[in-house]
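Numbering-wise (the numbering used here), the sequence shown opens with residue 48 and increments by one.
Where is the CB? At the ideal position from N, CA and C, for every residue including glycine.
Just so we're clear, the structure is a prediction, and the values are computed from it rather than from any experiment.
Working notes for the structure below.
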Amino acid sequence: SLRILTRIEGSHPVMATDTGCLYGLTFVTHFYGASKSIVAPQLGTAELMSGQVVEGTRAAIEVAAKEPGARLIPVVSLCVAETAGMPEELLPRRIGDAEVVLVRVPAYAIHSHPEAKDIAVAALLNRLAEREGQINSKSVVLL
Numbered sequence: 048s049l050r051i052l053t054r055i056e057g058s059h060p061v062m063a064t065d066t067g068c069l070y071g072l073t074f075v076t077h078f079y080g081a082s083k084s085i086v087a088p089q090l091g092t093a094e095l096m097s098g099q100v101v102e103g104t105r106a107a108i109e110v111a112a113k114e115p116g117a118r119l120i121p122v123v124s125l126c127v128a129e130t131a132g133m134p135e136e137l138l139p140r141r142i143g144d145a146e147v148v149l150v151r152v153p154a155y156a157i158h159s160h161p162e163a164k165d166i167a168v169a170a171l172l173n174r175l176a177e178r179e180g181q182i183n184s185k186s187v188v189l190l
């Protein structure tokens, strides 16, 4: 999912995860042609135990919103943040010119890369798709 989200023009992802996953995923992401930084809060045992997951993520969203050309901030919530609890209603829906979209990708519930990609696209469509007008029975979305 991170590979798709980093390739979208104007997208500046925030990852809510532990340091190990963050390092591994950002390292791999650069090999897939994503020439942008991934913003993330410091989420260690102390932050988890003190309930600072949401506060740290909100601060990271504010940093991502300052990136030049930021129009989309996908917040990728992985195992640690999902286990600790990442309430979507406590995250901003928009900051500056950027839409904020929570993408829940806990590895304990998602078992393949294609499934993670589907979840990322579904999160974007559920949040950003226009719902006015006639709905066709079959549609194709190209990203």
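Q) Is it the case that the Cβ atoms of residue 170 and residue 148 are separated by a distance below 8 Å? A) yes
Q) Straight-line CA distance for residue 52 to residue 68? A) 16 Å
Q. In its own chain, which residues sit with a C-beta less than 8 Å from the C-beta of residue 7, not counting the 5 before and 5 after it?
A. Lying before the first or after the last residue shown, residue 7 is absent from the chain, which here runs from 48 to 190.
Q: Apply the 10 Å Cβ neighbour rule to residue 58 and answer buried if 16 or more other Cβ atoms are within range, or exposed otherwise.
A: buried
Q: Select from 125, 141, 124, 90 the residue whose C-alpha is nearest the C-alpha of residue 113.
A: 141
(Q) What does the alpha-carbon distance come out to for the pair residue 137 and residue 107? (A) 14 Å
Q. Can you give the Cα-Cα distance for residue 92 and residue 105, rounded to whole angstroms?
A. 18 Å
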